[in-house]
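Engineer: My questions will all concern the structure given below.
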Amino acid sequence: MARKMLAFSKILRFEKLIQHPAVCVLIRSLHKESIPVAWEKPKLGWTKLNFDGSSKGREEKASIGGLFRNHKAEFLLGYAESIGRANSGIAELAALTNSRRGLELVMENGWNDVWLEGDAKTLLHIIANRKQVRCAEAQRHVSEINSIIPELNNCVLTHIYREGNRAADKFAQMGHWYQKPQIWEHIPPDQVLSIMHEDAEGKVLFRKIR
Numbered sequence: 007m008a009r010k011m012l013a014f015s016k017i018l019r020f021e022k023l024i025q026h027p028a029v030c031v032l033i034r035s036l037h038k039e040s041i042p043v044a045w046e047k048p049k050l051g052w053t054k055l056n057f058d059g060s061s062k063g064r065e066e067k068a069s070i071g072g073l074f075r076n077h078k079a080e081f082l083l084g085y086a087e088s089i090g091r092a093n094s095g096i097a098e099l100a101a102l103t104n105s106r107r108g109l110e111l112v113m114e115n116g117w118n119d120v121w122l123e124g125d126a127k128t129l130l131h132i133i134a135n136r137k138q139v140r141c142a143e144a145q146r147h148v149s150e151i152n153s154i155i156p157e158l159n160n161c162v163l164t165h166i167y168r169e170g171n172r173a174a175d176k177f178a179q180m181g182h183w184y185q186k187p188q189i190w191e192h193i194p195p196d197q198v199l200s201i202m203h204e205d206a207e208g209k210v211l212f213r214k215i216r
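What follows is the structure, given as structure tokens:
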């Protein structure tokens, strides 16, 4: 009888341990599925733009960034700049539309077969499906994007998880550093070299999802 009571006591302590918040988080983490994520090169003749936006703190200090690469994963052009106050959604859209950024650079360089890729899935869905949004500023950006895309011969718009968009994220983070817009042509900044090399080699990172 004493052994049974001891066993029952251990079960109760185990159940209390399982119900502890920290243990619950660990269990959920262990049960998440891991999916592989890797940046992909565009086809021969295509140019790929990976873009990103960043918004920090309560003041929502925002910046944007992105980079263009060819079918050999060679760096063509990159950009980064601070855009003042904006939430992360507006920053993501601005990374495509701000003057002399994103799609404007596509048009200036005569790239007609373009692959656009970002990690803001909801915003990409809005652009691809030409949906209307309530925010006037966001709608202005969406309308501008959708007015430029038809001018291209071919344009593909895809979502990638942040693990595959690290180079664009780095440019966006660098945007916080500069008072004036920055553009790099042919030679990328040192801060992205290691990421670009890993992208070119097809490095696979794993993302846990529910």
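Residue numbers (the numbering used here): 7 to 216. Beta carbons: idealized from backbone N, C-alpha and C, even for Gly. Here the structure is a predicted model, which means the values were calculated and not measured.
Just curious, the beta strand (DSSP E) that Arg140 is in, first and last residue?
Structural biologist: Looking at the DSSP string, Arg140 is not in any beta strand (DSSP E), and its letter there is neither H nor E.
Engineer: By alpha-carbon positions, which one of His165, Lys54, Lys176 and Arg216 ends up nearest to Ala86?
Structural biologist: It is Lys176.
Engineer: Between which residues of its own chain and Gln179 is the CB-CB distance below 8 Å, once the five residues before and five after are set aside?
Structural biologist: The answer, listed in chain order, is Ser60, Ser69 and Gly71.
Engineer: Would you mind stating whether Ile193 and Ala173 have Cβ atoms separated by less than 8 Å?
Structural biologist: Result no, Cβ atoms of Ile193 and Ala173 do not sit closer than 8 Å.
Engineer: Just to confirm before moving on: does the CB-CB distance between Leu102 and Phe57 stay below 8 Å?
Structural biologist: Yes, these two residues count as a Cβ contact at 8 Å.
Engineer: Which class does Leu99 belong to by DSSP, given the choice of helix, strand or coil?
Structural biologist: If DSSP states are grouped into helix, strand and coil, Leu99 belongs with the helices.
Engineer: Would you say Gly124 and Glu98 are within 8 Å of each other, going by their C-beta atoms?
Structural biologist: It is a contact, given that the beta carbons lie within the stated cut-off.
Engineer: Keeping to the same chain, check which residues put their C-beta closer than 6 Å to that of Trp117; ignore five residues upstream and five downstream.
Structural biologist: So the qualifying residues of the chain are Thr53.
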